[in-house]
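Each residue of the sequence shown is one higher than the one before, counting from 376 in the working numbering.
Where a beta carbon is used, it is the ideal one built from N, C-alpha and C, also for glycine.
Predicted, not measured: the structure shown is a model, and the values here were computed from it.
Remarks on the structure that follows.
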Amino acid sequence: MDHMLALILVVAAVVVVAAVAGITFRQRHGGDEGMRRDGFVNNLRRLIRHERPSVARRADSERWRPCPERYAEPRADTSNSYTNPVLSNVADPDVLYRDGMYYLYPTTTNEEAGGIKVYESRDLVHWRDRGLAMEAGKDNWGSSGFWAPDITERDGRFYLTYTANEHLCVSVSDCPLGPFKQLRFGPMHPDVKEIDAHVFKDKDGRYYLYFVRFDKGNVIYGARLNDDMQSIDESTLTKLLVPSQPWEKDMAAINEAPYVLEHDGTYYLTYSGSHFESPMYGVGYAVSDRPLGPFVKYRFNPIMRSTALVHGPGHHTFAPSPDGREFFILYHVHHDLHAANPRQMAIDRVRFAEGADGDPTLEVCGPTVTPQPLPSGAVRVRPNI
C-alpha cells in the first residue's frame, strides 16, 4: 500500500512539473497572452488543444497566433485593447468623424439591407447599428447592388455617394444618420457603369471624385466635382491607374476602391488590387504632386495583403483616433480562412515614414489578429454604446 501511494505521488509530481514547464516555455517563447493574470488558464487550454508555439514574426516584432479556424466575435469587455475584427457582416467601409462621433457607412454583405446602413462609435472599436441611412425606393435610384458608399460633409450637408446596379448615385441629408434622399433622381452617368466612389477635399477647398470604370479590367478615374457635389466637370476626367503590377492581376485585372490622402504636399492614391477573393488581394498606393496625377505606383506594393492568418484585407478608408494623435485604416477581411462572406471589418494603425531611398512612404501596421491598444484618446466603453 505504501509503495502504491508513493508511486501515485511520484506520478502526480511529474505531471505538475511537466505542466509548469510547458506553461513557462510558452510564456518565454511567443505565448500571446504572456504574463497576463489569466495566462495560467489560457496556457492550460492551449496545452489541452495541442497548439504549437508561434514561430512567425512580423516586421514590427508582433508574434502571430496559431492559425484559427475562424475569427472570434469582438470581446465584450472594458479592457484597454481590441482584437480584430471589430464588426461583422460589413465590407467596403467609409467613415465620417464629427463632434466626437464616428459614423460608418459600409456595404452590408448579406445583400439584405435594401440600401446603405449606418453605424456609430466613439472609439472606432465598439459600434452601434443605427439602421438604414439611405433606403432604396422612390427617393433613391437603384434596386440592388448597394455597394461601397462614400460620405462627405460640405457646408452642413452630408453627401452619400454610393453604387447601385453598377452605377454611381448621390443622396443628400442634413443629418449623418439620414434619411438620405436624391435631389436628382437617377445615376450620375446613366450610360456608363461605375463603382467605388471616393470624394476628396483638397487643401485649396476643391473637391474631387475618384471612382472605377470597367475598361479591360477595373480602372481608376478621377475628376473635379462641380459645386453641386452631384456631377463632375467632364473636362477634367482623367484615367489615373490601370492594373500594371503582377499582384494586381490574380483572378482578374483590378485596381479599385480608391482613397486619396494628402501629406506634406504628396498625394497618396491608395487602392485595392486583384479580385477580392484572390489570395493576392491587398492594398497598394501611388503618389503624385497633384490630385489628378500623373500617379506613380509604389514599387514595393502591396503594403497590406493576405497572410496565413488573415485573408482578403482591402477596400479601406482612413480615420484619426479620437484625440487626433494616431491614424487608422479601416478595411474589410474575409469571414474566415475558408469563406469570403459575410465579410468583417478590421482596423489597424498607419503611419507616414521615410523609405530607404529617402522618399516618403505609407506603412500599415497590420493586418493584426492579436490584442492591440485602443486608439489614443478612446474612453473605455462597453460594446453597443
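A Cβ-Cβ distance of about 7 Å is found for the pair serine 496 and arginine 503, placing them in contact under the 8 Å criterion.
Judged by their CB atoms, valine 545 and methionine 604 are nearer to each other than the 8 Å cut-off. Under a 10 Å Cβ-count criterion, leucine 558 is classified as exposed, with fewer than 16 other Cβ atoms of the shown protein chains found around its own Cβ.
Here tyrosine 537 really is in contact with phenylalanine 521; their C-beta atoms are around 6 Å apart, less than 8 Å. The alpha-carbon of methionine 626 is positioned some 43 Å away from that of valine 754.
DSSP places lysine 614 inside the beta strand (DSSP E), whose first and last residues are 613-616. Nearest in C-alpha terms to proline 524, of all of His709, Gln747, His690, is His690. In this chain, the beta strand (DSSP E) harbouring lysine 492 covers 490-496.
Distances from the alpha-carbon of histidine 542 to those of Leu584, Pro551, Pro468, Asp571 put Asp571 closest.
Shown here, serine 619 sits in coil according to DSSP, grouped into three states, outside any helix or strand.
Cβ contact annotation for valine 617 (same chain, cutoff 6 Å, sequence separation greater than five): Val594, in chain order. Under the three-state reduction of DSSP output, lysine 672 falls in the strand class. Using a Cβ-Cβ distance cut-off of 8 Å, the stretch 670-677 and the stretch 470-490 are not in contact, since fewer than three pairs of beta carbons, one from each stretch, lie closer than that value. In this structure, valine 635 keeps its C-beta atom at 8 Å or more from the C-beta atom of glycine 553.
A direct Cα-Cα distance of roughly 9 Å separates glycine 659 from phenylalanine 675. A residue is called buried once 16 or more other Cβ atoms fall within 10 Å of its Cβ, and glycine 597 is buried on that count. Rounded to whole angstroms, the Cβ separation of glycine 490 and leucine 507 is 5 Å, and the two are in contact under 8 Å. In chain order, Phe651, Glu652, His686, Gly687, His709 place their CB closer than 8 Å to the CB of alanine 715, counting only its own chain and leaving out the 5 sequence neighbours on each side. For glutamate 701, the three-state secondary structure derived from DSSP is coil. Looking from the CA of threonine 611, the closest CA among Pro666, Val744, Ala731 belongs to Pro666.
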